[in-house]
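Chemist: Supplied in structure tokens, the structure appears directly below.
There are 4 protein chains.
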Amino acid sequence: MPKIRVGVLGATGAVGQRFAQLLAHHPYFDLTVLAASDRSAGKSYREAANWILTEPMPAHLAEMTVQEMSTNLSCELVFSALPTNFAKEWEHQFAAAGYGVFSNAGVHRMDSDVPLVLPEVNPDHLGLLKQQRAGRGWSRGFIVTNSNCTAMPMVMALAPLMPFGPQAVIATSLQALSGAGYPGVPSLDAIDNVVPFIAESEEVKMNTESNKMLGRLNGQGVDPAGIKISAHCNRVPVSDGHLVTVSVSFRDKPSLGDIVEAWQTWQPLPQQLQLPSAPQPPLVVRAESNRPQPRLDRDAGGGMATTIGRLRPCEVLDVRFVCLAHNTIRGAAGGSVLNAELMAAQGMLEAFKAEASHVPA
Amino acid sequence: MPKIRVGVLGATGAVGQRFAQLLAHHPYFDLTVLAASDRSAGKSYREAANWILTEPMPAHLAEMTVQEMSTNLSCELVFSALPTNFAKEWEHQFAAAGYGVFSNAGVHRMDSDVPLVLPEVNPDHLGLLKQQRAGRGWSRGFIVTNSNCTAMPMVMALAPLMPFGPQAVIATSLQALSGAGYPGVPSLDAIDNVVPFIAESEEVKMNTESNKMLGRLNGQGVDPAGIKISAHCNRVPVSDGHLVTVSVSFRDKPSLGDIVEAWQTWQPLPQQLQLPSAPQPPLVVRAESNRPQPRLDRDAGGGMATTIGRLRPCEVLDVRFVCLAHNTIRGAAGGSVLNAELMAAQGMLEAFKAEASHVPA
Amino acid sequence: MPKIRVGVLGATGAVGQRFAQLLAHHPYFDLTVLAASDRSAGKSYREAANWILTEPMPAHLAEMTVQEMSTNLSCELVFSALPTNFAKEWEHQFAAAGYGVFSNAGVHRMDSDVPLVLPEVNPDHLGLLKQQRAGRGWSRGFIVTNSNCTAMPMVMALAPLMPFGPQAVIATSLQALSGAGYPGVPSLDAIDNVVPFIAESEEVKMNTESNKMLGRLNGQGVDPAGIKISAHCNRVPVSDGHLVTVSVSFRDKPSLGDIVEAWQTWQPLPQQLQLPSAPQPPLVVRAESNRPQPRLDRDAGGGMATTIGRLRPCEVLDVRFVCLAHNTIRGAAGGSVLNAELMAAQGMLEAFKAEASHVPA
Amino acid sequence: MPKIRVGVLGATGAVGQRFAQLLAHHPYFDLTVLAASDRSAGKSYREAANWILTEPMPAHLAEMTVQEMSTNLSCELVFSALPTNFAKEWEHQFAAAGYGVFSNAGVHRMDSDVPLVLPEVNPDHLGLLKQQRAGRGWSRGFIVTNSNCTAMPMVMALAPLMPFGPQAVIATSLQALSGAGYPGVPSLDAIDNVVPFIAESEEVKMNTESNKMLGRLNGQGVDPAGIKISAHCNRVPVSDGHLVTVSVSFRDKPSLGDIVEAWQTWQPLPQQLQLPSAPQPPLVVRAESNRPQPRLDRDAGGGMATTIGRLRPCEVLDVRFVCLAHNTIRGAAGGSVLNAELMAAQGMLEAFKAEASHVPA
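Protein chains in written order, with numbering that gives the first Met the number 0: chain A, 0 to 360; chain B, 0 to 360; chain C, 0 to 360; chain D, 0 to 360.
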């Protein structure tokens, strides 16, 4: 099967490095372009990127030349790790120029015609692309976004519980340092400390983006799920792995056993399709009283699984539990890679296949 | 004014060291006894205690000889930093032998005739001592307990809001390592990690002990406040300072302004009495979006103040905020010292004053 | 090729877990026995071991029953992760009963007839086993020890430089928490802190064990290399990875270029034999001014490589550099596994092969 | 006694905050000016400074207006916490305009006519000011610099040993994060990690600046002490407190007892003069095998003392030991404050006293 040529936008940053790592040896995609800001363009990737991942930089990428941002890149799909301001400027241009854009940026997530997709949760939301192309006048290009890294583990835990009718959620996140990128959080703010604040928008996203992902596709767009979600977001001195404590109430008052069964028997589409990056199982349910822990559980399923533990009754809502996922793998780059795999496996990327490909102009 | 002679039980441990530090130069009390387990007895305090506080051991205590546990100690009051099993064995004996016992242990906190006191919150609960002495047949001795270190900042924040009728609380704690004592948490569990579990009883205490402290004294005991409290307790890699995120609903739906005013104008009894360890103000309300932080706020008011920030509406309950206090000062040793100061200032320790004192036998 | 049955002694501890992980899927060895103290015996490995590695426990080991210590185990070789006192009691017994013992313990390292082996450095020291068996009256069993985890990276860096005649070394180690096992270092000693002390013997070992490994086998034993080595050993808040700063003087005054060339062209026996656990290259020489770093370099070569950087002149001795290795992989369990691979590849374990095997009695 | 009016240059940064804290309530000096870059000028200090010290900002400073940099400030002395490029631009101008400049910057430390002073070590070097004023044509102004924060604890430990003739030193530093200022080291470089590199110049400074401070004043300038000093400088995840391991050889081969006696009996000029910030004793010699530790010892003497421990023979040089000091107090702001106190107590600041003062133009 011919591979589709892909590029990474913002390849030198923290999430860009994850994209590069996850795409370096991918069965569906051929990573042919690393693009970044003018400061990096023209250098080898080895020189341009201050590599911060614990696994070494893939050798064949190290010698690739970083390209400047333009809609003239030799690839069909782009994975965007661009910061907000650059994402605003570029993502739309790439889609208009005929590229498929898989974005980790927040700027388009809440656009009514942009799918915000967790493949296990709402693969059908890709149906929005028809309206997106029609409305924006794009023939081939598109924008698909992945989840916010903090909403992600909570939405994965809630998705199999949707039949029970979740009504209200109070969540407190303990978020890893890598969520702020690099250089990100100053070490003097991180050592021996907690900061009870991420950004003005973080707690809002926990509500709006979660409700969009858990919502229902209709003719016009997505009807949000209508769950009241209140979040307290905190930064803790952990390198990777966002942990979220969750209290939730349900319309149907499931038992703890009902909930565990729903989690453990959940086999959504990516697992059925055996997508290369789909973790099996998608949810790791731990029985120990002291799990999940970031250091021990963030790499479950190659960093793509969500680990859940401490299910117990809640004195105020109905039940409470703790969930955790790797924020720069599943919560960022890996999420977009899985989105691309889902589209590929469903035949939605045929127009981008090698025989069809061209350097878009 | 003659000082009352006091001793510390369990003086070599983490909380015992805090008691020693806080009592070393106290205007009301004369620290004459450091008692600990057989392993330490007979050694100088310098030798016996592996001093872990950042301030050096008070010089005059370093040469004191640690005494073995017995109800024959040359003091009138004892501050107990005993671990649970020893507290069970000894605290009752000390009170029966005529000592006033100020305990940091959890074993007697929920006894119906034992005051569980935060001096700013429920000083009147000391009225239980009458029943305690009568029921247990003690003429002079008594047991008064201080708050659990995690419930403490939350109860301090809720106390001035009681007139608004708090109904339900969901709280998530981010607790410091020193809360587990020494050696306590292994460093391999703490580095680059969070553990979403403290002990089976911790989340229960957040509910029961908070409701007792916020409850109303009646003829027989204390009517709990009747607030539904659900807690998620977590250990984070912070040396000192427990932070708690709180969502709360109220019967009377106060505005955010009402709440801030209640906090900022609160001048409870210890502050009115100008007790030596009473922080002024008792609550430090921060306007910055990223406070309180353990490293920056735990030492407010000499470690005796509670810092509150991030007051904002809650999508599920009514409001949410973040509070923080120093867990081994205000949340442990300092809490008991303030209890003792409160009793002294109210004339409740006259029987223990020097002229009345004896080596209890 | 039939695999040799092997067991792990002290399988539940930190180093024992590493042995289990490294031996779980080994091409030469079949892990059939997990043995530990009475407290663990009879339980499943899942229950008995408080698994602290970030990679999950191998599934087929989780259900194995932990056996009590005895010389009646169904295997031919044992890898010992026993603490000192148990190593003293048991290792000799196992060897006498016909087992091959690969030990990570320090107790026998300096015995004159016991090989202390880093396979890249002194594979010929295995020749001592002839004398060991003769002197101790053992027909099949033996004891081979691996390096101390702190001496290890320094000895790996010095070995290719032996032709230049190293004369004196001053080394300062920054050692990881996992070097102290679990629970090991209390978190209150580790957070925001450095402890300039490991154990009375640690700095001595840096001298004596390094000189033994770098020494020359003669008829009677090993002539130590005669390098003066002075070490300052420190504990730093790092999970894994011992870093050592080294200043060294040489008889032959090599240039920096000579030294780099010696490191980069070094292809010792394990690499020539392509042993399964031998890293390729054995030494990773980094040109960046800020490497090696524990977080970025400890996993080089699957945790089996040594990373060296910052080579520059020394104002007092001749040159200085920084080296680093993973202390529980290459510096402990992985070192012994590589020793066993070396013996297997050289035909020194024929007596233990399946056809020859028996349950020793 | 009239206080001298002083200002802080670069008042909003990490070292500037320490200056503000140490000068807020000073018996000799009246802090009347907080100056900083254009970005901060015009704001209140509370708004302009992102206060990172654990003790709260002094209340009366919080409302002071930060002034822009100019040589028209209403004070006589300035304490410079300027970064290198600004120090180059401004310090000379201030001195030329008649201000006394006490600088923490590195730019002028090695100027032959600029005193680089540790008051306990080389108070006589202030004699250079005569040449400085003559050579530069300044009538009242001057520049006096304090020590590099890493050289400082080592120089303090070596100073009383100068009679024994130290010949060569190999030192390895474990430096705190605050040494890099704020935001400084990214948290992803600090967590679970060590970085064996500070800056190209750091290891050079350990040699040249130490030799200048320990050198002898002659007619023309300072003869360096002529000690060969080789340093390995490392960043460790510690908030405050630089620890240095030291091996040293001596001409006169003092015994360990001689060395301890020299340290313990050392009573240099600042202690004799009882300067307000002079710690008593200047050197805290610890007998425990595991001290000094940053968390436990950095605040000795109010952060102004140097703690020494682990004195023992060195196999390569003569002896080795470990020393530690608070890098932003004694190693930076506090060092300059003590320099100023020394000059004041010796009558070298009479020209700046209130009766003589003016707003320099």
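A virtual CB, placed ideally from N, CA and C, is assigned to each residue, including glycine.
What does a CB cutoff of less than 6 angstroms around Gly300(B) pick up in its chain, not counting 5 residues either side in sequence?
Modeler: Around Gly300(B): Pro278.
Chemist: Please report the distance separating the alpha-carbon of Phe18(C) from that of Asp110(A).
Modeler: In a straight line, the C-alpha of Phe18(C) is about 52 angstroms away from that of Asp110(A).
Chemist: Just how far apart, CA to CA, sit Asn145(B) and Val116(B)?
Modeler: Approximately 5 angstroms, taken between the alpha carbons.
Chemist: Are the region 264 to 283 of chain B and the region 294 to 314 of chain B touching, with three or more C-beta to C-beta distances below 8 angstroms?
Modeler: Yes: the two stretches touch, three or more of their Cβ pairs being nearer than 8 angstroms.
Chemist: My output table needs one value for Ala277(B): the three-state DSSP class, helix, strand or coil.
Modeler: It is coil, neither helix nor strand.
Chemist: Thinking C-alpha only, which one of Glu46(D), Val120(D) and Ile142(D) is nearest Lys87(D)?
Modeler: The residue with the shortest Cα to Cα distance from Lys87(D) is Ile142(D).
Chemist: Can you name, in chain order, every residue of its own chain whose Cβ lies under 7 angstroms from the Cβ of Asn338(C), other than the five neighbours on each side?
Modeler: Cβ within range, chain order: Phe101, Val116, Pro118, Val143 and Asn145.
Chemist: Using only the alpha-carbon positions, how far apart do Asp251(C) and Val315(C) sit?
Modeler: One C-alpha to the other measures close to 16 angstroms.
Chemist: Answer with yes or no whether the minimum CB distance from Leu295(A) to chain D is below 8 angstroms.
Modeler: Not an interface residue.
Chemist: Helix, strand or coil for Asp37(D) per DSSP?
Modeler: Asp37(D) falls in the coil class under three-state DSSP.
Chemist: Hey, quick one: how far does the alpha helix (DSSP H) through Ala391(B) stretch, first residue to last?
Modeler: This structure leaves residue 391(B) out entirely; chain B is present only between 0 and 360.
Chemist: Tell me, please, which residues DSSP counts as bridged to Cys232(A).
Modeler: Bridge partners of Cys232(A): Ser172(A).
Chemist: Could you give the C-beta distance for Val243(C) and Val193(D), rounded to a whole number, given that I count them as a contact under 8 angstroms?
Modeler: Not a contact, Cβ separation roughly 11 angstroms.
Chemist: Along chain B, in chain order, which residues have C-beta atoms closer than 9 angstroms to that of Asp191(D)?
Modeler: Ile190 and Asp191, listed in chain order.
Chemist: Can you tell me the Cα-Cα spacing of Ala360(C) and Trp89(C), whole angstroms?
Modeler: Unreliable placement is indicated for Ala360(C), whose pLDDT of 41 sits below 50; the coordinate value is still reported in the next sentence. Between Ala360(C) and Trp89(C), the C-alpha separation is close to 15 angstroms.
Chemist: State yes or no: is the beta carbon of Thr11(A) nearer than 8 angstroms to at least one beta carbon in chain C?
Modeler: Output row for Thr11(A): interface = no.
Chemist: At 9 angstroms on the CB atoms, spell out the chain B contacts of Arg238(A), in chain order.
Modeler: Here residue 238(A) turns out to be Ser, not Arg, going by the sequence shown. Here the neighbours are Asp191.
Chemist: Should Leu341(C) go down as buried or exposed, given a rule of 16 or more other Cβ atoms within 10 Å for buried?
Modeler: With 16 or more other Cβ atoms within 10 Å, it is buried.
Chemist: So which residues on chain B does Thr53(D) lean against when the C-beta distance must stay under 7 angstroms?
Modeler: Within chain B, the residues near Thr53(D) are Arg294, Leu295 and Asp298.
Chemist: Could you name each continuous alpha helix (DSSP H) segment of 4 residues or more that falls completely within the region 66 to 147 of chain A, going from the start of the chain to the end?
Modeler: Listed in chain order, they are 83 to 95 and 127 to 135.
Chemist: With a 10 Å radius around its C-beta and 16 neighbouring C-beta atoms as the bar for buried, classify Ser209(B) as buried or exposed.
Modeler: Flag for Ser209(B) reads buried.
Chemist: Does DSSP put Arg45(A) in a helix, in a strand, or in coil?
Modeler: If DSSP states are grouped into helix, strand and coil, Arg45(A) belongs with the helices.
Chemist: Using 8 angstroms as the limit for Cβ to Cβ distance, is Lys352(C) near chain B?
Modeler: No, no contact with chain B.
Chemist: Grab me the residues of Ala170(C)'s own chain with a C-beta within less than 8 angstroms of its C-beta, minus the 5 sequence neighbours each way, in chain order.
Modeler: If we look at Ala170(C) and ignore the five residues flanking it on each side, its Cβ neighbours are Met153, Met205, Ile228, Ser229, Ala230, His231, Val243, Thr244, Val245 and Ser246.
Chemist: Looking at the structure shown, is Phe196(A) part of a helix, part of a strand, or coil, going by DSSP?
Modeler: The answer is coil: DSSP assigns Phe196(A) none of H, G, I, E or B.
Chemist: What are the partner residues of Val7(D), as DSSP defines its beta bridges?
Modeler: Answer is Leu33(D) and Phe78(D), bridged to Val7(D).
Chemist: In this structure, does DSSP put Lys227(D) in helix, strand or coil?
Modeler: Strand, per DSSP.
Chemist: On the three-state DSSP scale, how would you describe Ser282(B)?
Modeler: Contrary to the premise, residue 282(B) reads as Leu rather than Ser in this sequence. Looking at Leu282(B) - three-state DSSP - the assignment turns out to be strand.
Chemist: Let's test the definition: count the other Cβ atoms within 10 Å of the Cβ of Met212(A) and tell me whether it reaches 16, buried, or not, exposed.
Modeler: Counting Cβ neighbours within 10 Å, Met212(A) comes out buried, since at least 16 surround it.
Chemist: Let me see if you follow: with CB-CB separation under 8 angstroms, is Pro187(A) close to chain D or not?
Modeler: For the sequence presented, residue 187(A) should be read as Leu rather than Pro. Interface residue, yes.
Chemist: DSSP three-state call for Arg362(C): helix, strand or coil?
Modeler: The requested residue 362(C) does not occur in the structure, where chain C is confined to residues 0 to 360.
Chemist: So the beta strand (DSSP E) His241(C) belongs to, where does it begin and stop?
Modeler: From DSSP, the beta strand (DSSP E) with His241(C) extends over His241 to Phe249.
Chemist: Quick check: is the beta carbon of Ile258(A) nearer than 8 angstroms to any beta carbon in chain B?
Modeler: No, because no Cβ of chain B sits closer than 8 angstroms to the Cβ of Ile258(A).
Chemist: If you draw a straight line from the alpha carbon of Ala13(A) to that of Tyr181(A), how long is it in whole angstroms?
Modeler: Roughly 6 angstroms between the two C-alpha positions.
Chemist: How would you list, in chain order, the residues of chain B whose beta-carbon sits under 7 angstroms from the beta-carbon of Val235(C)?
Modeler: Here the premise fails: no neighbours, minimum Cβ distance about 11 angstroms.
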